[in-house]
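Heads up: the structure comes next, in structure tokens.
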Amino acid sequence: MTSLVIAIVVIAVAGGVFLFKDIQQLRGSLAAVEANDLVAQNRGEEALEKYRDAISLAPDVSEYPIRLHEMLFGVASQETDPENRRTLLEIGYEVLADTADRDPYDFLLRERLALATLDLFEDGQTERRDEVIDRYIDFAESRPSYSEAQALLGNAAVIVGGFEVGLAAANRAIEIELNPAALDRAWWVRGIALDGLGDPSGAIASFEQAIAANGESNWAALSHGQLAELFENQGDVEEAAAHRARQIELLSE
Numbered sequence: 001m002t003s004l005v006i007a008i009v010v011i012a013v014a015g016g017v018f019l020f021k022d023i024q025q026l027r028g029s030l031a032a033v034e035a036n037d038l039v040a041q042n043r044g045e046e047a048l049e050k051y052r053d054a055i056s057l058a059p060d061v062s063e064y065p066i067r068l069h070e071m072l073f074g075v076a077s078q079e080t081d082p083e084n085r086r087t088l089l090e091i092g093y094e095v096l097a098d099t100a101d102r103d104p105y106d107f108l109l110r111e112r113l114a115l116a117t118l119d120l121f122e123d124g125q126t127e128r129r130d131e132v133i134d135r136y137i138d139f140a141e142s143r144p145s146y147s148e149a150q151a152l153l154g155n156a157a158v159i160v161g162g163f164e165v166g167l168a169a170a171n172r173a174i175e176i177e178l179n180p181a182a183l184d185r186a187w188w189v190r191g192i193a194l195d196g197l198g199d200p201s202g203a204i205a206s207f208e209q210a211i212a213a214n215g216e217s218n219w220a221a222l223s224h225g226q227l228a229e230l231f232e233n234q235g236d237v238e239e240a241a242a243h244r245a246r247q248i249e250l251l252s253e
């Protein structure tokens with residue numbers, strides 16, 4: 001077989017592979033569209049199968065497992081049976097984990113997988129504590145110059161009781177963020193971490209900074225709530241009442 005014939009055969013085979021992949025991608029896209037329609041019709045089980053088809057047909061498209069996870073989480077949040085809720089959360093986690101293993105550079109996928117792991121922790125799988133921290137560290141390290149990524153790490157860390165990790169992440173977020181108004185979450189995380197580490201004075205200062213950064217945000221409301229508790233613990237009833245009233249006011253807006 002001449003080199004020209006070999007080249008033609010190689011080109012033909014490669015073209016066939018790409019054509020097959022394009023067809024698979026198209027079929028996956030159509031399956032995802034059908035899944036979205038089924039979700040809108042509240043036909044969850046059928047939508048689940050269609051999303052699985054989309055993922056199987058187009059495994060390189062991370063949008064499909066992300067959408068499937070969103071659907072499963074939405075159903076799980078409304079589920080009253082603990083076992084059913086756990087199953088839904090685990091399926092969503094496994095779908096994201098399988099896809100993330102194939103594409104370690106999809107940052108949105110890594111963030112969603114970290115969130116799915118945190119959801120399982122909050123659902124009672126406390127043995128996943130270290131996994132939660134590791135996944136958020138992985139995500140934050142992939143975005144070292146983004147303060148929001150560091151704040152997300154800190155937020156997750158303090159939720160699972162990793163106060164030292166949370167404090168370090170909050171400090172990094174504060175150091176690299178140029179917009180003070182965007183630091184309300186980072187200061188709140190810092191306050192929670194310091195409180196957890198036994199530094200109420202540092203916690204109070206941090207919560208006050210969160211409020212100063214953006215006094216109308218949800219993080220400001222949470223900070224007022226934390227300040228109310230801290231001042232109550234110190235016996236300052238009037239200051240505690242003022243912060244509690246402001247928290248209620250913000251949450252009612």
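110 is the number that this note's numbering gives to position 110 of the sequence shown; each next residue is one higher, with no gaps. Don't be surprised by glycine CBs; every beta carbon is placed ideally from N, CA and C. All figures in this text were calculated on a predicted structure; none of them were measured in a lab.
Proximity to leucine 197 [Cα-Cα], best of Trp187, Pro180, Glu208 and Gly162 | Checking every option, the nearest Cα to that of leucine 197 belongs to Gly162.
Determine the contact status of leucine 120 and tyrosine 93, defining contact as a CB-CB distance below 8 Å.
-> Contact annotation: leucine 120 and tyrosine 93 have beta-carbon atoms nearer than 8 Å.
Compute the Euclidean distance between the alpha carbons of isoleucine 211 and aspartate 103, then round it to the nearest angstrom.
-> Taking the straight line joining both Cα atoms gives about 39 Å.
Answer with buried or exposed for alanine 245, where buried requires no fewer than 16 other C-beta atoms within 10 angstroms of its C-beta.
-> Counting Cβ neighbours within 10 Å, alanine 245 comes out exposed, since fewer than 16 surround it.
Excluding sequence positions up to five away, which residues of its chain have a Cβ less than 6 Å from the Cβ of phenylalanine 207?
-> Here the set comprises Gly191, Ser223, Gln226 and Leu227.
Nearest-angstrom Cα separation, counted from phenylalanine 107 out to leucine 68 = Their Cα atoms are separated by approximately 17 Å.
Within 10 angstroms of the Cβ of aspartate 195, are there 16 or more other Cβ atoms? Answer buried if so, exposed if not.
-> With 16 or more neighbouring CB atoms inside 10 Å of its own CB, aspartate 195 falls in the buried class.
Buried or exposed: which applies to arginine 115, given that a residue is buried once 16 or more other Cβ atoms fall within 10 Å of its Cβ?
-> Arginine is not the amino acid found at residue 115; the sequence shown has leucine there. Per the 10 Å Cβ criterion, buried.
Within 10 angstroms of its Cβ, does alanine 170 collect 16 or more other Cβ (buried), or is it exposed?
-> By the neighbour-count criterion, in which a residue is buried when 16 or more other Cβ atoms sit within 10 angstroms of its Cβ, alanine 170 is buried.
Would you list, in sequence order, the uninterrupted alpha helix (DSSP H) runs of no fewer than 4 residues that lie entirely inside the region 137-220?
-> Unbroken alpha helix (DSSP H) stretches of 4 residues or longer found wholly inside the region 137-220: 147-159, 163-176, 184-196 and 200-213, given in chain order.
How big is the Cα-Cα spacing for methionine 71 and asparagine 179?
-> Between methionine 71 and asparagine 179, the C-alpha separation is close to 34 Å.
So glutamine 247 is in the alpha helix (DSSP H); what residue range does that whole segment cover?
-> It spans 237-252 - the alpha helix (DSSP H) in which glutamine 247 sits, taken as one unbroken run.
Contact under 8 Å by Cβ, leucine 88 with leucine 96 | Judged by beta-carbon spacing, leucine 96 lies beyond the 8 Å limit of leucine 88, meaning their Cβ atoms are not closer than that value.
State the DSSP-derived secondary structure class of glutamate 111, mapped to helix, strand or coil.
-> Correct three-state label for glutamate 111: helix.
Thinking C-alpha only, which one of Ile176, Ser201, Ala221 and Arg129 is nearest glutamine 150?
-> The shortest Cα separation from glutamine 150 among Ile176, Ser201, Ala221 and Arg129 belongs to Ile176.
Could you name the residues of the same chain whose beta carbon sits closer than 6 Å to that of phenylalanine 20, not counting the 5 residues immediately before and after it, in chain order?
-> Legend: pLDDT at phenylalanine 20 = 35, less than 50; position of this residue unreliable, value from coordinates given subsequently. Taking phenylalanine 20 as the centre and dropping the five residues before and after it, the same chain places no C-beta closer than 6 Å to its C-beta.
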